[in-house]
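So the protein lines, in turn, are chains U and G. Counting in this note's numbering, the final residue of the first sequence is number 148, and the numbers go up one at a time with none missing. Counting in this note's numbering, the final residue of the second sequence is number 258, and the numbers go up one at a time with none missing. Glycine included, each C-beta is placed from N, C-alpha and C at the ideal position. Bear in mind that the values here come from a model prediction, so they are computed numbers and not experimental data.
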Amino acid sequence: MNNKSVSEQDRRRKKAMIVFQVLIYSWIFATFLVQLYLKSISNW
Amino acid sequence: MTAITNSQSGNFGNYDAHQSDSAAAQLRADKWMISGTILMGTAILGLFGLPLFLYGLRLQINAAKAGLSMRPTIVTLIGYLVIIDSALNSMGWTLDLFANHTLVNRVLTTGWGAMFDGGYFWHYNELWLGGAGAPGEKAWEIALIPVLFCARLAAAIGLLQMKRWGQQWLIVTCWMGVIVWTGYNTNMTIFADIRYSGVTFPVWGWWLYDIWYITPFLSLPYLHTVNREIFSE
Numbered sequence: 105m106n107n108k109s110v111s112e113q114d115r116r117r118k119k120a121m122i123v124f125q126v127l128i129y130s131w132i133f134a135t136f137l138v139q140l141y142l143k144s145i146s147n148w
Numbered sequence: 026m027t028a029i030t031n032s033q034s035g036n037f038g039n040y041d042a043h044q045s046d047s048a049a050a051q052l053r054a055d056k057w058m059i060s061g062t063i064l065m066g067t068a069i070l071g072l073f074g075l076p077l078f079l080y081g082l083r084l085q086i087n088a089a090k091a092g093l094s095m096r097p098t099i100v101t102l103i104g105y106l107v108i109i110d111s112a113l114n115s116m117g118w119t120l121d122l123f124a125n126h127t128l129v130n131r132v133l134t135t136g137w138g139a140m141f142d143g144g145y146f147w148h149y150n151e152l153w154l155g156g157a158g159a160p161g162e163k164a165w166e167i168a169l170i171p172v173l174f175c176a177r178l179a180a181a182i183g184l185l186q187m188k189r190w191g192q193q194w195l196i197v198t199c200w201m202g203v204i205v206w207t208g209y210n211t212n213m214t215i216f217a218d219i220r221y222s223g224v225t226f227p228v229w230g231w232w233l234y235d236i237w238y239i240t241p242f243l244s245l246p247y248l249h250t251v252n253r254e255i256f257s258e
């Protein structure tokens with residue numbers, strides 16, 4: 105395996121990790137928004 | 026001439042001196058940072074711990090500027106941050122699990138519940154297992170203290186010692202943190218009526234206080250991309 109293919113693999117791994125993290129942060133942010141929505145319609 | 030003599034007797038002269046000076050400087054800085062971290066890990070004494078930690082950090086940065094071989098600053102910050110995260114979570118949840126009838130816990134925990142998270146106020150000490158009565162909360166406590174936080178604490182200590190197992194286990198436990206955040210937040214959202222009904226600072230208060238616990242898994246990109254050769258077997 106040459107250096108080029110290793111770096112290409114590394115680059116794809118980093119990209120996949122960033123995409124996955126963005127998905128997780130989006131989910132967590134979505135739960136925050138849902139809670140804010142519930143607050144707006146509740147008598148908390 | 027001295028270097029040659031040392032080399033012939035099995036030493037490396039200036040190199041050995043540099044290594045021992047670096048280790049001594051690192052230990053000196055770590056003593057301050059460990060003291061600060063222990064205080065911050067108690068939550069209540071956190072304000073007293075922060076200046077100690079910052080002083081130790083300054084010692085480490087200055088020693089590195091002076092040319093000594095010190096631990097990378099980012100590794101130091103991640104390692105101690107994770108220790109504080111593990112300590113705060115373990116301490117609070119262990120008290121809720123085992124010391125839920127103590128006066129201090131009935132004041133502090135239900136006080137927290139009244140202000141930010143009704144799960145720690147609603148039917149407190151009314152289940153067959155005392156403490157917080159929010160749905161699912163006890164299961165999270167029992168699962169995460171031994172499985173996640175103890176493992177993460179050990180991993181962070183290994184990372185600070187620049188051990189490769191420390192880096193690898195920190196990656197494992199930080200990914201566990203992703204599961205915790207998605208699962209725990211979903212639980213809070215589903216049972217939002219219990220968690221936020223009647224509390225002083227609903228939603229905003231909890232998020233402002235707890236969002237900082239997300240930081241361990243913010244370190245994942247670094248842990249995955251750092252040159253692992255800097256950690257020893």
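For this session: State the CB to CB distance for the pair Thr-207/G and Ile-132/U, rounded to an integer number of angstroms; the pair is presumed to be in contact (CB under 8 Å).
Result: Here residue 207/G corresponds to residue number 182 of the second sequence, with the count starting at 1. Here residue 132/U corresponds to residue number 28 of the first sequence, with the count starting at 1. About 7 Å; that satisfies the 8 Å criterion.
Exercise. CB-CB under 6 Å to Leu-185/G, same chain, minus the five flanking residues each way: which ones, in chain order?
Worked result: As a first step, residue 185/G must be located in the second sequence, where it is residue number 160. In chain order, Gly-104 place their CB closer than 6 Å to the CB of Leu-185/G, counting only its own chain and leaving out the 5 sequence neighbours on each side.
Exercise. Does any C-beta atom of chain G lie closer than 9 Å to the C-beta of Arg-116/U?
Worked result: The residue given as residue 116/U occupies position 12 in the first sequence. Arg-116/U does not count as touching chain G.
For this session: Could you name the residues of the same chain whose beta carbon sits closer than 7 Å to that of Thr-225/G, not counting the 5 residues immediately before and after it, in chain order?
Result: The residue given as residue 225/G occupies position 200 in the second sequence. Excluding residues within five positions, the ones whose Cβ falls inside 7 Å are Ala-139, Met-140.
Problem set entry | Exposed unless 16 or more other CB atoms sit within 10 angstroms - verdict on Tyr-40/G | In the second sequence, the residue the question calls residue 40/G occupies position 15. Around the beta carbon of Tyr-40/G, a 10 Å sphere encloses fewer than 16 other beta carbons of the protein chains shown; the residue is thus reported as exposed.
Problem set entry | Nearest candidate by alpha-carbon position, reference Val-100/G, set Ala-181/G, Val-197/G, Thr-214/G | Locating residue 100/G in the second sequence gives position 75, where the first residue counts as 1. When only C-alpha atoms are compared, the closest one is Ala-181/G.
Problem set entry | C-beta contact flag for Glu-166/G and Trp-118/G at 9 Å | Here residue 166/G refers to the residue found at position 141 when the second sequence is read from its first residue. Here residue 118/G refers to the residue found at position 93 when the second sequence is read from its first residue. Yes. Within cutoff.
For this session: Alpha carbon to alpha carbon, how far is Asp-121/G from Gly-155/G? Give it in angstroms, no decimals.
Result: Here residue 155/G is taken as the residue at index 130 of the second sequence, counted from 1. Here residue 121/G is taken as the residue at index 96 of the second sequence, counted from 1. Their backbone Cα atoms lie some 8 Å apart in a straight line.
For this session: Note down the Cα distance separating Thr-214/G from Gly-223/G, rounded to an integer number of angstroms.
Result: Within the second sequence, the letter at position 189 stands for residue 214/G. Within the second sequence, the letter at position 198 stands for residue 223/G. Taking the CA atoms as reference points, Thr-214/G sits about 16 Å from Gly-223/G.
For this session: Tell me, please, whether the CB atom of Lys-119/U is closer than 9 Å to any CB atom in chain G?
Result: Along the first sequence, one-based indexing puts residue 119/U at 15. So no, Lys-119/U is outside the interface.
Problem set entry | Neighbour-count burial assignment, Arg-83/G, 16 or more Cβ in a 10 Å radius | On the second sequence, residue 83/G is found 58 positions in, with the first residue counted as 1. Only exposed fits Arg-83/G, as fewer than 16 other CB atoms lie within 10 angstroms of its CB.
Exercise. Where does Ser-94/G fall in DSSP's three states?
Worked result: By 1-based counting over the second sequence, the position of residue 94/G is 69. If DSSP states are grouped into helix, strand and coil, Ser-94/G belongs with coil.
Exercise. For Ala-9/G versus Leu-93/G, is the C-beta distance shorter than 9 Å?
Worked result: This structure cannot speak to residue 9/G, because chain G is shown only from 26 to 258.
Exercise. Is it true that the CB of Ser-47/G sits closer than 9 Å to the CB of Met-95/G?
Worked result: Here residue 95/G is taken as the residue at index 70 of the second sequence, counted from 1. Here residue 47/G is taken as the residue at index 22 of the second sequence, counted from 1. Yes; because the gap between Cβ atoms is below 9 Å, this pair is in contact.
For this session: For chain U, find out if any of its Cβ atoms is closer than 9 Å to the Cβ of Ala-217/G; answer yes or no.
Result: In the second sequence, residue 217/G corresponds to position 192, counting from 1. So yes, Ala-217/G belongs to the interface.
Problem set entry | Residues near Asn-142/G by beta carbon distance below 6 Å, same chain, minus five either side | Here residue 142/G corresponds to residue number 117 of the second sequence, with the count starting at 1. Note on residue identity: the sequence assigns Asp, not Asn, to residue 142/G. If you ignore the 5 residues before and after Asp-142/G, its C-beta comes within less than 6 Å of the C-beta of Arg-220, Trp-231, all in its own chain and listed in chain order.
Exercise. Would Ala-176/G pass as a contact of Thr-211/G if the rule is Cβ separation under 9 Å?
Worked result: Translated into the one-based positions of the second sequence, residue 176/G becomes position 151. Translated into the one-based positions of the second sequence, residue 211/G becomes position 186. When the beta-carbon positions are compared, Ala-176/G and Thr-211/G stay at least 9 Å from each other.
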